[in-house]
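> 228 is the number that the UniProt record's numbering gives to position 228 of the sequence shown; each next residue is one higher, with no gaps.
The beta carbon of each residue, even a glycine, is placed where N, CA and C say it ideally should be.
Fair warning: this is a prediction, and the values are worked out from it, not measured in the lab.
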Amino acid sequence: MEEVNILAHLAKEGPHPNVLKYVDSWEENERLFIQTELCELGNFGHFLHEYGRRYERLDEGRCWKVLAELSSGLAFVHKAGVLHLDVKPSNIFLKADGRFQLGDFGMASFWPRDRAGGFEREGDRMYLAAEVLQGVYGPAADVFSLGMTLLESAANIEVPEMGEPWHRLREGDFSQVGLRHSSTLCAIIRAMMHPDPARRPTAQEVGSHRCVRRAGESMAALRKTLERDGARDGALFAASALAKGNDAFVIGEVGDEMDCA
1 MEEVNILAHL AKEGPHPNVL KYVDSWEENE RLFIQTELCE LGNFGHFLHE
51 YGRRYERLDE GRCWKVLAEL SSGLAFVHKA GVLHLDVKPS NIFLKADGRF
101 QLGDFGMASF WPRDRAGGFE REGDRMYLAA EVLQGVYGPA ADVFSLGMTL
151 LESAANIEVP EMGEPWHRLR EGDFSQVGLR HSSTLCAIIR AMMHPDPARR
201 PTAQEVGSHR CVRRAGESMA ALRKTLERDG ARDGALFAAS ALAKGNDAFV
251 IGEVGDEMDC A
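(1) Report, in whole angstroms, the separation of the C-beta atoms of L10 and V4, which I expect to be a contact under 8 Å.
(2) In its own chain, which residues sit with a C-beta less than 8 Å from the C-beta of P160, not counting the 5 before and 5 after it?
(3) Following the continuous alpha helix (DSSP H) through residue 273, name the residue where it begins and the one where it ends.
(4) Give the straight-line distance between the Cα atoms of P15 and H194, rounded to the nearest whole angstrom.
(5) Specify whether the stretch 21-28 and the stretch 72-86 touch according to this definition: at least 3 beta carbon pairs, one from each stretch, less than 8 Å apart.
(6) Does the beta-carbon distance from A80 to E171 come in below 8 Å?
(7) Is G123 close to chain D, meaning its C-beta is less than 8 Å from at least one C-beta of that chain?
(8) Grab me the residues of P139's own chain with a C-beta within less than 6 Å of its C-beta, minus the 5 sequence neighbours each way, in chain order.
(9) Looking at P201 and R99, is the spacing between their C-beta atoms short of 8 Å?
(10) What is the rounded straight-line gap between the Cα of E205 and the Cα of L236?
(11) How big is the Cα-Cα spacing for R190 and G147?
(12) Please determine if the stretch 62-74 and the stretch 216-235 are in contact, where contact requires at least 3 C-beta pairs separated by less than 8 Å.
(13) Give the straight-line distance between the Cα atoms of A130 and E40, rounded to the nearest whole angstrom.
(14) Please confirm whether S36 and Y55 have their CB atoms less than 8 Å apart.
(15) Would you mind stating whether D233 and D124 have Cβ atoms separated by less than 8 Å?
(16) For Y22, which residues does DSSP report across the bridge?
(17) When you compare only the Cα positions, how much space is there between K88 and G230?
(18) Which residues mark the beginning and the end of the alpha helix (DSSP H) in which L222 is found?
(19) I'd like the list of long-range same chain contacts for L151, defined as Cβ closer than 6 Å, with 5 residues on each side in sequence excluded.
(20) Do L94 and G42 have their C-beta atoms within less than 8 Å of each other?
(21) Put E27 into one of helix, strand or coil per three-state DSSP.
(22) Taking C-beta to C-beta, are L102 and L74 nearer than 8 Å?
(23) Taking all protein chains shown into account, decide if L185 is buried (16 or more other Cβ within 10 angstroms of its Cβ) or exposed.
(24) Locate the beta strand (DSSP E) running through L179, then write down its first and last residues.
(25) Helix, strand or coil: which one does DSSP assign to S240?
(26) Compare the Cα-Cα distances from H181 to each of G45, N91, F33, C63 and report the closest residue.
(27) Tell me the rounded alpha-carbon separation between R210 and A108.
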């Protein structure tokens, strides 16, 4: 029942536009059912699979906008005292207007816990931070998983499930990945996936990065204009992270004050 308690808690703290909204829950025939708002466009994992079959990779402008929405949602979750512990594309959902929402809190936990002893949660190994396997938990583990999600989006790679490629990524070795985006985007991915969880930025710090902030502001401004003109649902997709548009907020960005070593 912790998942229901967490969803109810987040609903009281929110709502947040980038966190899936809890509606109701009930038990029937000894099974728990959870109702959330409908996300008409499915999950991000399916999108990446279909997109990757047609295109080389997700372009840089869209990557920054995706990160703006997801870092905002994750920062809200962490501020509410919750760890997600299973951030990955298939647990990220898309509304009809193209808005990203972090969902599926089946592995989530309130944090810090009153008693950490005996606590054990392990999400999808493909996106899992290495320290979690050693029983070390914290918001930094979610940031790593978000970084892996962004890496998959930017490089159109098949995320390794085990073996040497799995370990190399968690050691900060990206030589196997063909990242051909700006040095700024590569740096923030490296920072989020730093082997030392203490060296990773928080979700809030990710959202404060110049490019991330500008990406979020550009979407918000366009959405405000569209809403003022009476646009609804699908028509608002033009203001979403996946819409094609003017990505001038990334032009000329060659570095930032964030520790990306």
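This is what the structure gives:
(1) Taking the first residue of the sequence shown as position 1, residue 10 is located at position 10. Taking the first residue of the sequence shown as position 1, residue 4 is located at position 4. The Cβ separation is near 11 Å, so there is no contact.
(2) In the sequence shown, residue 160 corresponds to position 160, counting from 1. Closer than 8 Å at the Cβ level, and outside the excluded window around P160, lie M126, W166, L169.
(3) The question about residue 273 has no answer, for the chain in this structure spans 1 to 261.
(4) Taking the first residue of the sequence shown as position 1, residue 15 is located at position 15. Taking the first residue of the sequence shown as position 1, residue 194 is located at position 194. So the alpha carbons of these two residues sit roughly 31 Å apart.
(5) Flag = no, the stretch 21-28 and the stretch 72-86 do not touch.
(6) As a position in the sequence shown, residue 80 is number 80, starting the count at 1. As a position in the sequence shown, residue 171 is number 171, starting the count at 1. Taking the C-beta atoms as reference points, E171 is found no nearer than 8 Å to A80.
(7) Of the chains in the structure shown, none is chain D; there is only one protein chain.
(8) If you number the sequence shown from 1, residue 139 lands on position 139. Excluding the 5 residues flanking it on each side, P139 has same chain C-beta neighbours closer than 6 Å at H78, in chain order.
(9) For the purposes of this step, residue 99 is taken as residue 99 along the sequence shown, with counting starting at 1. For the purposes of this step, residue 201 is taken as residue 201 along the sequence shown, with counting starting at 1. Inclusion of R99 and P201 in the CB contact set at 8 Å is not warranted, their separation being larger than that value.
(10) Sequence index remark: in the sequence shown, residue 205 carries index 205 (1-based). Sequence index remark: in the sequence shown, residue 236 carries index 236 (1-based). Their Cα atoms are separated by approximately 28 Å.
(11) Numbered from its first residue, the sequence shown carries residue 190 at position 190. Numbered from its first residue, the sequence shown carries residue 147 at position 147. Each residue's Cα considered, the two are about 8 Å apart.
(12) The stretch 62-74 is in contact with the stretch 216-235.
(13) As a working mapping, residue 130 is identified with position 130 in the sequence shown. As a working mapping, residue 40 is identified with position 40 in the sequence shown. When rounded, the distance between both Cα atoms is 34 Å.
(14) Along the sequence shown, read from residue 1 onward, the residue named residue 36 stands at position 36. Along the sequence shown, read from residue 1 onward, the residue named residue 55 stands at position 55. The displayed chain sequence assigns Thr, not Ser, to residue 36. Note that the C-beta distance between T36 and Y55 is not below 8 Å.
(15) The residue given as residue 233 occupies position 233 in the sequence shown. The residue given as residue 124 occupies position 124 in the sequence shown. Not closer than 8 Å, so no.
(16) On the sequence shown, residue 22 is found 22 positions in, with the first residue counted as 1. DSSP output for Y22 lists T36 as bridge partner(s).
(17) Looking up residue 88 in the sequence shown gives position 88. Looking up residue 230 in the sequence shown gives position 230. Roughly 34 Å between the two C-alpha positions.
(18) Walking along the sequence shown from the start, residue 222 turns up at place 222. In the DSSP assignment, L222 falls within the alpha helix (DSSP H) that extends over 210-228.
(19) As a first step, residue 151 is located in the sequence shown; it is residue number 151 there, counting from the start. The beta carbon of L151 sits closer than 6 Å to those of I189, all from its chain and outside the five residues before and after it, given in chain order.
(20) The residue labelled residue 94 in the question sits at position 94 within the sequence shown. The residue labelled residue 42 in the question sits at position 42 within the sequence shown. Taking 8 Å as the Cβ cut-off, L94 and G42 qualify as a contacting pair.
(21) As a first step, residue 27 must be located in the sequence shown, where it is residue number 27. In this structure, DSSP gives E27 an extended state, which the three-state scheme calls strand.
(22) Locating residue 102 in the sequence shown gives position 102, where the first residue counts as 1. Locating residue 74 in the sequence shown gives position 74, where the first residue counts as 1. Yes, Cβ-Cβ distance for L102 and L74 is below 8 Å.
(23) Looking up residue 185 in the sequence shown gives position 185. Answer is buried; the Cβ neighbour count reaches 16.
(24) Here the question's residue 179 lines up with position 179 in the sequence shown. First-last for L179: undefined, no H or E at that position.
(25) As a position in the sequence shown, residue 240 is number 240, starting the count at 1. It is coil, neither helix nor strand.
(26) As a position in the sequence shown, residue 181 is number 181, starting the count at 1. The candidate whose alpha carbon is nearest that of H181 is C63.
(27) Position 210 of the sequence shown holds residue 210. Position 108 of the sequence shown holds residue 108. Cα to Cα, R210 sits roughly 29 Å from A108.
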